[in-house]
Amino acid sequence: MKTRQPPQKSVPRQWNGWPRRAVLRRSGAALTVLLLVSCLRAADAPSPDKAKLSAIPVFTRAEMAADLEHLTVRLKRAWAYAEDKRAFLGVDIDSLHAAAMRQLEEVHDADGFYFVVEKYIGGLMDGHASVRPGHESPGLSTPRRWPFALARLDGHFYVKRLDDGHAPLRPGDEILSVNGVSLRDRFETALARSTGSTPAGRESRALGTMRREAEKQISIKAARADGSSFTCDLETLPRDATEEPIRWNKLEGDVGYLRLPSFAQDMKVWEEGGRNATSLQAALEAKKTALRAAFTNLRDTRALILDLRGNGGGSDALGHFLAHCLCDTTAHPVYYTLATRISEDLLPLPGFAHYKTAPESARSQRSPIQLLPEKGIQRYPGKLVVLMDEACFSACDCFLNYLSVAAPKTVFVGRTNGAGAGAPRPLVTLPHSKMVVTFCIMQVWNLNDQLIESRPIEPTVPVKWTRDDLIQGRDPDLETALRHL
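If you read the sequence shown in this note's numbering, its first letter stands for residue 49, the second for the next number, and so on.
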């Protein structure tokens with residue numbers, strides 16, 4: 049089964065009208081978004097204790113303009129996808145710069161300027177790009193989260209999952225407003241400040257950003273499927289970094305199920321080991337052990353459903369390990385190829401100084417990345433179905449691309465992946481605001497010689513969720529996979 053990927057063209061790709069609509073949103077809605085930010089601050093006003101933090105810095109317009117110019121010059125010089133994003137998605141750095149400059153008329157402090165830069169970076173359509181503020185502020189502190197997850201279906205926002213059993217909300221309830229601000233306004237504000245390599249990926253990030261909260265209690269207005277509406281106050285939950293564990297089981301019909309929520313290594317082990325190749329393998333050992341146990345338990349099943357939904361990536365080394373479990377890696381020993389965008393901004397960073405003396409040919413060549421060897425792995429012999437969605441990203445995208453070529457009979461169920469690859473680095477520090485901007489410094493190609501960035505894999509069997517699925521507690525992705533098998 050061959051997966052379908054969009055061809056690489058020189059003309060801008062129209063993601064359902066995305067480039068044109070995005071430009072209109074960025075230019076026509078600039079003032080609206082700034083007003084919404086003010087509205088959100090009013091609705092989520094910080095507590096008196098937070099207000100005691102140091103005063104928010106104030107920059108002159110000339111200082112902010114200088115920071116934007118500093119950023120624009122370096123994006124054009126050092127961003128790996130500057131030319132490709134312009135040709136493929138219509139991303140215009142100069143237009144983003146001009147839009148940010150126009151917004152300076154409405155900016156009065158460092159918080160407001162941070163939001164402007166976030167919008168600028170969001171417009172790059174680089175899901176690995178990010179902005180770290182150069183100051184502390186209660187307006188940027190969101191240590192808590194809403195006690196429910198959202199699904200956006202046909203422009204409406206529904207409760208997808210309750211994280212703490214909070215009554216009276218139920219899955220399938222439509223959330224109309226939080227603290228008096230409509231969900232649509234909150235979403236547009238979050239979307240403008242979110243990054244993503246595809247429109248769907250960016251929207252998925254915005255749904256997560258919307259859940260971040262400063263206060264311990266929120267006021268909800270919601271509606272049931274029968275049309276009745278109600279209000280309630282809910283306690284928010286602390287934001288924590290607890291990761292969902294790897295899990296597996298056998299389903300009816302002799303089908304195995306394996307859930308892998310992340311490719312991330314144990315950061316503590318990696319940091320304490322010196323952030324090198326040896327410590328990386330040690331930091332992945334717990335997940336490798338779990339995966340070995342899973343495949344031992346599921347080896348005799350006739351088919352396997354690999355659930356990668358929401359897998360935001362982590363380490364490619366775990367992708368290599370999983371490839372050995374599922375693919376003929378002897379026939380396909382290269383995982384992907386990559387090329388580094390060499391610039392004067394990159395050379396000072398650790399690991400790139402050798403390019404200073406490298407010949408020009410070495411600066412521009414593409415390098416094949418071989419799979420890391422693994423011992424004692426037997427390849428799974430049954431059929432394979434992969435569940436994926438727009439929240440699959442980074443190392444997960446690289447694995448999906450490898451799998452689509454090295455295991456061509458794989459059936460992909462769900463929605464297009466987030467399609468992001470490119471080795472992000474914190475390359476720019478703005479001179480006045482001290483914000484640190486991260487973006488991709490490498491381009492990555494799959495085994496079909498196609499760029500992975502912004503080129504999502506089309507599902508073999510697309511699935512669209514409905515409100516009734518949420519109300520009834522169904523998982524249409526899993527049900528579709530089981531029917532296909």
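All C-beta atoms in this analysis are idealised placements derived from N, C-alpha and C, irrespective of residue type, glycine included.
Span separating the alpha-carbon of residue i from that of residue j
i                 : j                 : result
alanine 240       : alanine 248       : 13 Å
leucine 538       : phenylalanine 196 : As displayed, the chain neither begins before 49 nor continues past 533, which places residue 538 out of reach and without an answer.
proline 105       : glutamate 184     : 9 Å
valine 476        : alanine 443       : 24 Å
leucine 397       : threonine 284     : 40 Å
glycine 462       : aspartate 437     : 6 Å
valine 139        : leucine 299       : 45 Å
arginine 193      : phenylalanine 235 : 15 Å
proline 309       : phenylalanine 487 : 24 Å
phenylalanine 136 : serine 245        : 12 Å
valine 179        : leucine 172       : 12 Å
proline 407       : aspartate 445     : 32 Å
serine 391        : arginine 125      : 7 Å
threonine 405     : serine 230        : 56 Å
aspartate 348     : glycine 322       : 40 Å
histidine 480     : lysine 431        : 56 Å
arginine 515      : histidine 204     : 10 Å
lysine 98         : proline 186       : Here the model assigns lysine 98 a pLDDT of 43, short of 50, so the residue's position is not dependable, and the following value carries that caveat. One C-alpha to the other measures close to 6 Å.
aspartate 311     : arginine 109      : Aspartate is not the amino acid found at residue 311; the sequence shown has phenylalanine there. Between phenylalanine 311 and arginine 109, the C-alpha separation is close to 43 Å.
glutamate 501     : cysteine 375      : 23 Å
phenylalanine 163 : tryptophan 127    : 21 Å
alanine 469       : threonine 279     : 42 Å
glutamate 131     : leucine 306       : 39 Å
valine 382        : arginine 287      : 38 Å
threonine 337     : valine 155        : 52 Å
leucine 448       : alanine 103       : 47 Å
threonine 464     : proline 507       : 6 Å
For residue i, the three-state DSSP class (helix, strand or coil)
i              : result
tyrosine 428   : coil
lysine 47      : Summary: the structure shown does not reach residue 47, with the chain confined to residues 49 through 533, and so no result is reported for it.
arginine 74    : Because arginine 74 carries a pLDDT of 37, less than 50, the predicted location of this residue cannot be relied on, and no value is offered for it.
methionine 149 : helix
valine 382     : strand
threonine 514  : coil
proline 94     : For proline 94, the predicted structure reports a pLDDT of 41, less than 50, and the residue's modelled location is therefore unreliable. A value from the coordinates is still provided. Coil.
cysteine 444   : helix
alanine 110    : helix
isoleucine 141 : helix
serine 185     : coil
isoleucine 519 : helix
valine 155     : coil
threonine 120  : helix
Option nearest residue i by Cα separation, candidates the options
i                 : options                        : result
leucine 268       : Ala110, Asp281, Met258, Ser502 : The sequence given here places isoleucine at residue 268; leucine does not occur at that position. Of the listed residues, the one whose Cα sits closest to isoleucine 268 is Asp281.
isoleucine 353    : Gly304, His176, Glu320         : Gly304
asparagine 345    : Phe163, Tyr428, Ala325         : Tyr428
methionine 483    : Ala110, Asp115, Met258, Ala103 : Asp115
leucine 175       : Lys512, Pro472, Asp288         : Looking at the sequence provided, one finds glycine at residue 175 rather than leucine. Out of Lys512, Pro472, Asp288, Pro472 has the C-alpha closest to the C-alpha of glycine 175.
aspartate 274     : Gly322, Ile294, Asp221         : Asp221
serine 189        : Thr257, Arg411, Gly399, Arg323 : Thr257
phenylalanine 441 : Arg209, Ala334, Pro504, Arg295 : Pro504
glutamate 153     : Phe107, Ile489, Arg389         : Phe107
alanine 254       : Ala439, Leu210, Val459         : Ala439
Cross-strand partners of residue i (DSSP beta bridge)
i                 : result
valine 509        : Val461
alanine 401       : Answer is none; alanine 401 lacks a bridge partner.
lysine 269        : Ser225, Thr279
tryptophan 127    : In the DSSP output, where bridge partners are listed per residue, tryptophan 127 has none listed.
valine 165        : Valine 165 pairs with nothing; no bridge assigned.
histidine 204     : Leu201
glutamine 491     : Ala387
proline 286       : Arg192
phenylalanine 311 : Gly362
threonine 486     : Ser178, Pro474
valine 433        : Ile353, Val459
Endpoints, beta strand (DSSP E) assigned at residue i
i           : result
serine 178  : 178–180
proline 472 : 472–477
leucine 352 : 351–355
Span of the alpha helix (DSSP H) around residue i
i              : result
glycine 304    : Where glycine 304 is concerned, there is no enclosing alpha helix (DSSP H), although the beta strand (DSSP E) it sits in stretches over 303–307.
glutamine 418  : Where glutamine 418 is concerned, there is no enclosing alpha helix (DSSP H), although the beta strand (DSSP E) it sits in stretches over 415–418.
methionine 315 : 315–320
threonine 344  : 325–346
alanine 254    : 247–258
aspartate 364  : 364–374
lysine 437     : For the record, residue 437 in the displayed sequence is aspartate; it is not lysine. That residue, aspartate 437, is in no alpha helix (DSSP H); it is neither H nor E in DSSP.
arginine 234   : 231–240
histidine 532  : 524–532
serine 412     : 408–412
Neighbour flag for residue i against chain D, beta carbons, 7 Å
i            : result
arginine 193 : Going by chain labels, chain D is absent from the structure shown, which holds only one protein chain.
beta-carbon residue i near the ligand PLP non-hydrogen atom, thresh 6 Å
i              : result
isoleucine 268 : The model on display carries no ligand, and the ligand PLP is accordingly not part of it.
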